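The C-terminal position of the sequence shown is numbered 438 in the working numbering, with every residue numbered one higher than the one before it.
What follows is a short report on a single structure.
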Amino acid sequence: MDPFITADAVTKQFRDGTRALDGLTLTIPRGAIYGLLGPNGAGKTTLIRILATLLRPDGGTVRVAGHDVVRHPAAVRQRIGLAGQFAAVDDHLTGRENIAMIGRLYGLSRREAATRATEIVDRIHLADSADRQVKTYSGGMRRRIDLAASLIGRPQVLFLDEPTTGVDPASRQDLWRLVRDLAAEGTTVLLTTQYLDEADQLADRIAVIDHGRLLTEGTATELKDRTGGSIVEITVPADRADSAVAALRPLDPRYDRKRDGIVLPAPDGPLTLRHALRLLDHYDISPTDVALHRPTLDDVFLTLTRHDPRELAGRPV
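Printed below as a string of structure tokens:
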């Protein structure tokens, strides 16, 4: 697929010395949903801000929809929509008025903005609530209005920076459907998210970055395959956890607080599981639960970054 967004050897360093991007190179095809994952401080939000012309890179080149973000920022802004980490809506306006206001800022006439606002509130299933003040909306409804406002300019590229943070499961599913529909119609979507299952569900391709560098890129299946095949999960009594990790040291175990158990790579599948159980038996440790399964994106994330997947959330950089 032809590249629609390119970042070539992009660098960005802030005044406090933080190097947010360190030679980052990415290529995003037209019409794709592209997931960007990384722990706190990885550079995800910095990259989004550069792509949206809100920050200038210190080095490298960035092109969006064929236009250089530094040389032709106005051309880029005409072609993009942005929904940031927090819903940027006016509580005292109605949902419809919020969307129409952004349309006016895009240069639409009053009539065009009103017409487009009506089309969009129908699309996001908020027509019944569109004429209520936003301060009466739930968190999920506010996020949908914020996303809707970013669509009024009919963007070729949509940047979504953690769009479902704090959103209830039903609203989250609605937003997922909307994003899929947009991509099906040709919109290129760049998505950062703190939910690994969201990237797994939505993204055609996923990049994992850390310390401003690209660690790996590919489909969710490709990334899982690169972790080394299957995963063994073993649960032992809490008072034997340290002893179990020591016993399993030849198999490169780690204690996963999220799963409250021991996880180890199983390149040989059942044979690795059998070896692990023999090691535990040698030290008279009896597991309370054992499982063998394919890796998840959580496993990919931890293997690549050595960060707990929960560190996706937090201070943006």
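In this text, a Cβ means the ideal position worked out from N, Cα and C, and glycines have one as well.
Source: prediction; values computed, not measured.
Residue environment, tyrosine 404, which counts as buried when at least 16 other CB atoms sit within 10 Å: exposed
Proximity below 9 Å, CB of arginine 265 to CB of leucine 311: no
Buried/exposed call for tyrosine 316, threshold 16 Cβ in 10 Å: buried
Segment contact, 8 Å Cβ cut-off, at least three pairs: the segment 411-426 with the segment 373-388: yes
DSSP state of glycine 260 mapped onto helix, strand, coil: helix
Stretch-stretch touch, CB-based, cutoff 8 Å, three pairs: the segment 186-194 with the segment 214-234: no
Valine 278 beta carbon less than 9 Å from that of threonine 309: yes
Cβ shell of proline 178 (< 6 Å), same chain only, five flanking positions each side left out: Val131, Lys133 and Ile171
Beta-carbon spacing of alanine 238, alanine 251 below 9 Å: yes
Helix, strand or coil at arginine 206 according to DSSP, with G and I counted as helix: Note that residue 206 is glutamine in the sequence shown, not arginine. DSSP places glutamine 206 in coil when its eight states are reduced to three.
Residues near glycine 287 in its chain [Cβ-Cβ closer than 7 Å; skip 5 each side]: Gly260
Helix, strand or coil at threonine 314 [DSSP, three-state]: coil
Euclidean distance between Cα positions of proline 290 and histidine 246: 16 Å
Three-state secondary structure (DSSP) of leucine 413: strand
Validate contact between the segment 319-326 and the segment 142-155 using beta carbons, cut 8 Å, 3 pairs: yes
Tyrosine 376, buried or exposed, once every other Cβ within 10 Å from all chains shown has been counted against 16: exposed
Counted within 10 angstroms of its Cβ, other Cβ atoms place leucine 203 as buried (16 or more) or exposed: buried
Among Ala305, Ala341 and Leu392, the one whose alpha carbon lies nearest that of glutamine 322: Ala341
Of the residues Ala173, Ala248, Asp360 and Pro160, the one placed nearest alanine 196, counting alpha carbons only: Ala173
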